[in-house]
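The listed protein sequences derive, respectively, from chains S and C. Every letter in the first sequence is one number past the one before it in the working numbering, and letter 7, counting from 1, is 21. Every letter in the second sequence is one number past the one before it in the working numbering, and letter 70, counting from 1, is 147. C-beta: ideal position from N, C-alpha, C; glycine also. These notes are about the structure you will find just below.
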Amino acid sequence: MSSLFDKYAPLKTRVDMMMKIGQDALGVQFDDILDATRGRIGNREILLAGTNNYLGLTFDEDCMEAAKRAVESHGTGTTGSRVANGSYAEHIDLEKALADHLGMPSCIVFTTGYQTNLAAIAGLAGDKDVIFMDADAHACIIDGTRLTGASTIRFRHNSPEDLDKRLQRRGEIEGGNALVVIEGMYSMFGDIAPVDEFVDVTHRHGGYLYIDEAHSYGVFGPNGCGIAEEQGVLDKIDFISGTFSKSLASVGGFCASRHKEFEITRKIMRPYMFTASATPSNIAAARAAVEKVKTGGHLRSNLKERAEQLHTGLKEMGYDLCAEASPVIAVRRPNEAVAAMEWNWLIENGVYVNLAVPPGTPQSSSLLRISLSAAHTEENINTILKAFGELKNAQGEMMQNMAAKLAAE
Amino acid sequence: MTSSPNSDEIFAKVCELLKPYNPQNRPIYRESGIMSDLEVDSVAVFDLVMGLEDHYDISIPMEMVSDIKTVGELVNAIKELTSE
C-alpha cells in the first residue's frame, strides 16, 4: 500500500543530498540574534547578510520602545480577527499613517505580508476579470490568483512590451477588467521593474496596476515610498502593497489604493476576515518604523553605498551576478549541489546568506542570495567580500569534500 | 487565413519547446506526465506555456495549465484553442 508521503520521494532525495553536503539551509537555527546584523550559532558569531532587514530597524530604540508600550497598554495578542474582535487604535493609526505617507485615500493592514497579496488580489479580481501577472511574481501573488475565479495570464518578466502584446491578444474583457500585477524590486535577483512603462501600458488598455513593493518600500524613493515613487509615478498606481517584515522591522503587511472604493474589500477578503489581526506590539513597531522611513534618507544612502561596494567587489572577483547593484545581490552558481556546498562553507566561516533554489528562483537558477542592511558597515561588506574571495580559493578542497560526502552512505 | 495545426504538428512543437527543460533527454510521449515523469518544475511549465502562447498566438490561462498533467493533454488544449 502506498503512503501519503510517497509523492515527496523526489523532494526527499534532494533534501537528503543537501543534508549529506552539510546542514539544512532552509532550517537554520540561531541560538541568539545580537542585533540587526549579528547572530550567534553555538559559540560562533555570524554576520547576517540574508535577513531582508533593509533599514536595520529591528533593534531601533524607538521601534522597540513603541512595541513595549503597546504590550503594556493593550496586551500581548488580539485573540481574533478585526471583524469579530474589532480593530485596536494601533491598527487604525497605522492605516492612516501609511495612507498619508503614500498619498492615497485608502489603506488596509494585514497580519502578514503573504496574506496581504493573497487577500487583496483575491478580493479585487472577480470571475469576469483577467489577471496579468509578471512571470517572476512571488508565491503569494500566484496563490492570490488561485483564490480567485479570474483567469490569469503570465507575461514575460519586466517586459511592458510583452504585457502589451498579451493584453492585445486577450482582447476585450467582457463584463470585467484587467488587473496587472508586478513587483517593485524582485526578491530573488534584486532587479527593478520599469514601473513607469507598466503604468502606461496598463492604463492604455484600461486596466488597473497593482504593485507589490514588499522589498522596495522604505528602500527607494525620496520619501521611501518605493520604486513607483522613485520613478515619479506613485500617484498613478492603483494598488500598492507592502510588508512590515522587511524595512518596517516587524510582521504584517498593507495594501493602499488611490481608489477609496477599495474599502469595500474589507467585507469580502477571507485572509483578512478569517485570521487573527496583528498584535498591538507588531503594529506599534511598524508604526514607529514608518516615521523612520519618512526621515530615512541617510539609511537609504548608506544602503545604496554598501550595495554598490559589494556589487563592485563581487564583480571584480568574477562572480556572475543576476542584476545591477541593489540591496539584494544574487550570485548565480552552476547547480544546486555546488550552491549548497558553498552556502555551508560561508556559514561555517561566519557569513549567513540565503541558499535559493528552483522552483523558488527564476530561470531554474541556484543562487547564493545576499540581502543588505543600512546597518551594515563598510567593514561588514569587506568581511563578506573576504569570505567570497576565500570561497573561490577553497573550491578544490570543497569539491573533494563534497564528492566524499556524496559517495558516503 | 492559415489553417489550424493538427495534433501531430502541435505534439512535435511541444516536444521541441520541452527540450531545454528536459536536460536528461527522457523520451517524451503523449502519456508522459510533464511534472511527474519529465520532472519539469512548476515554474518551468509556465515558461514552456508562454513559448507556446507566442508560437500559436493564443492565451493559455494559468488555471487551465494547472489542470493539464500530461503532454497529450497540453496538445489537446492547444488544438482546441487554435481551432476557435
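Cβ neighbours of S/F203 in the same chain (closer than 6 angstroms, five flanking residues each side left out): What you label residue 203 of chain S is simply residue 189 of the first sequence in a count that begins at 1. Around S/F203: C336, A337 and A344.
What residues of chain C sit near S/P24, judged by a beta carbon separation below 8 angstroms? Taking the first sequence and counting its residues from 1, the one referred to as residue 24 of chain S is at position 10. Going along chain C in sequence order, the residues near S/P24 (Cβ under 8 angstroms) are E116.
Any beta carbon of chain S sitting closer than 8 angstroms to that of C/S160? Position 83 of the second sequence, counting from 1, holds the residue named residue 160 of chain C. No - not a single Cβ of chain S is within 8 angstroms of the one on C/S160.
Which of the residues in the region 125–146 of chain C, read from start to end, lie with their CB under 7 angstroms from any CB of chain S? M127, D134, S136, P138, M139 and E140
Please name the residues in the region 83–108 of chain C whose beta-carbon is closer than 7 angstroms to at least one beta-carbon of chain S, in chain order. none
Using the beta-carbon of each residue, which ones in chain C are nearer than 9 angstroms to S/I167? Residue 167 of chain S sits at position 153 when you count from the first residue of the first sequence. Within chain C, the residues near S/I167 are E130, S136, I137, P138 and M139.
Please confirm if C/S119 has its CB atom under 8 angstroms from at least one CB of chain S. Position 42 of the second sequence, counting from 1, holds the residue named residue 119 of chain C. Closer than 8 angstroms to some Cβ of chain S, the Cβ of C/S119 qualifies, so yes.
Tell me, which residues are paired with S/I343 by DSSP? Within the first sequence, numbered from 1, the residue matching residue 343 of chain S stands at position 329. DSSP, once it has assigned bridges, lists S/I384 as partnering S/I343.
I'd like to confirm the pairing. Which residues does DSSP put opposite S/G91 in its beta bridges? Position 77 of the first sequence, counting from 1, holds the residue named residue 91 of chain S. Bridge partners of S/G91: none, in fact.
Label S/H312 either buried or exposed according to how many other C-beta atoms from any shown protein chain fall within 10 Å of its C-beta, with 16 as the threshold for buried. Reading the first sequence from its first residue, position 298 is the one you call residue 312 of chain S. Under this definition S/H312 is an exposed residue.
Can you give the beta carbon distance from S/A428 to S/F253, rounded, assuming they're within the 8 angstroms contact cut? This structure gives no information on residue 428 of chain S, because the portion of chain S shown stretches from 15 to 423.
For S/I254, which beta-bridge partners are listed by DSSP? Stepping through the first sequence from its first residue, residue 254 of chain S is reached at position 240. DSSP lists S/I225 and S/A270 as partners of S/I254.
Here's the rule I'm using: 16 or more other beta-carbon atoms within 10 Å means buried, otherwise exposed. How should C/M78 be labelled? For the purposes of this step, residue 78 of chain C is taken as the residue at position 1 of the second sequence. Since pLDDT at C/M78 reaches only 44, below the 50 mark, its modelled position is unreliable, and the value read off the structure follows with that caveat. Per the 10 Å Cβ criterion, exposed.
So S/I187 and S/D143 are in contact, right, with Cβ under 8 angstroms, and what is the actual spacing, rounded? On the first sequence, residue 187 of chain S is found 173 positions in, with the first residue counted as 1. On the first sequence, residue 143 of chain S is found 129 positions in, with the first residue counted as 1. Contact holds; Cβ gap of about 7 angstroms.
With distances taken from CA atoms, which of S/A388, S/P348 and S/E393 is nearest S/V371? If you number the first sequence from 1, residue 371 of chain S lands on position 357. If we check each option's Cα against that of S/V371, S/P348 comes out closest.
Would S/R13 and S/V367 qualify as a contact pair, given that the criterion is a beta-carbon distance under 8 angstroms? Past the boundaries of the shown model lies residue 13 of chain S; chain S is included only from 15 to 423, so the question cannot be answered.
Would you call the region 308–322 of chain S and the region 387–394 of chain S in contact, with 3 or more CB pairs under 8 angstroms? yes
Determine, using beta carbons only, whether S/T65 comes closer than 8 angstroms to chain C. Walking along the first sequence from the start, residue 65 of chain S turns up at place 51. It does not; no Cβ of chain C falls within 8 angstroms.
Drop a sphere of 10 angstroms on the beta-carbon of S/P341, count the other beta-carbons inside from all chains shown, and report buried for 16 or more, exposed for fewer. Position 327 of the first sequence, counted from the first residue, corresponds to residue 341 of chain S. The residue in question, S/P341, is buried, as its Cβ has 16 or more Cβ neighbours within 10 Å.
Spatial distance of S/A299 from S/G232 (CA atoms): Against the first sequence, residue 299 of chain S aligns to sequence position 285. Against the first sequence, residue 232 of chain S aligns to sequence position 218. Rounded to whole angstroms, S/A299 to S/G232 spans 14 angstroms at the Cα level.
Ordered along the chain, which non-local residues of its own chain (more than five positions away) have a Cβ less than 6 angstroms from that of S/T257? Against the first sequence, residue 257 of chain S aligns to sequence position 243. Here the set comprises G127, A228 and G267.
Beta strand (DSSP E) containing S/N368: first to last residue? Position 354 of the first sequence, counting from 1, holds the residue named residue 368 of chain S. Where S/N368 is concerned, the enclosing beta strand (DSSP E) stretches over N368 to A370.
Using only alpha-carbon positions, find the residue among S/E404, S/A421 and S/A23 that is nearest to S/W359. Counting from 1 along the first sequence, the entry for residue 359 of chain S is found at position 345. Nearest of S/E404, S/A421 and S/A23 to S/W359, Cα basis: S/E404.
What residue does the alpha helix (DSSP H) around C/E140 start on, and which one ends it? Locating residue 140 of chain C in the second sequence gives position 63, counting from the first residue. Unbroken alpha helix (DSSP H) run through C/E140: M139 to D144.
Sort S/K21, S/G246 and S/G235 by Cα distance to S/D214 and report the nearest one. Along the first sequence, read from residue 1 onward, the residue named residue 214 of chain S stands at position 200. Of the listed residues, the one whose Cα sits closest to S/D214 is S/G246.
Our contact map puts S/H273 next to S/S120 with C-beta atoms below 8 angstroms; I'd like the distance itself, whole angstroms only. Locating residue 273 of chain S in the first sequence gives position 259, counting from the first residue. Locating residue 120 of chain S in the first sequence gives position 106, counting from the first residue. Yes, S/H273 and S/S120 are in contact; Cβ-Cβ is about 7 angstroms, under 8 angstroms.
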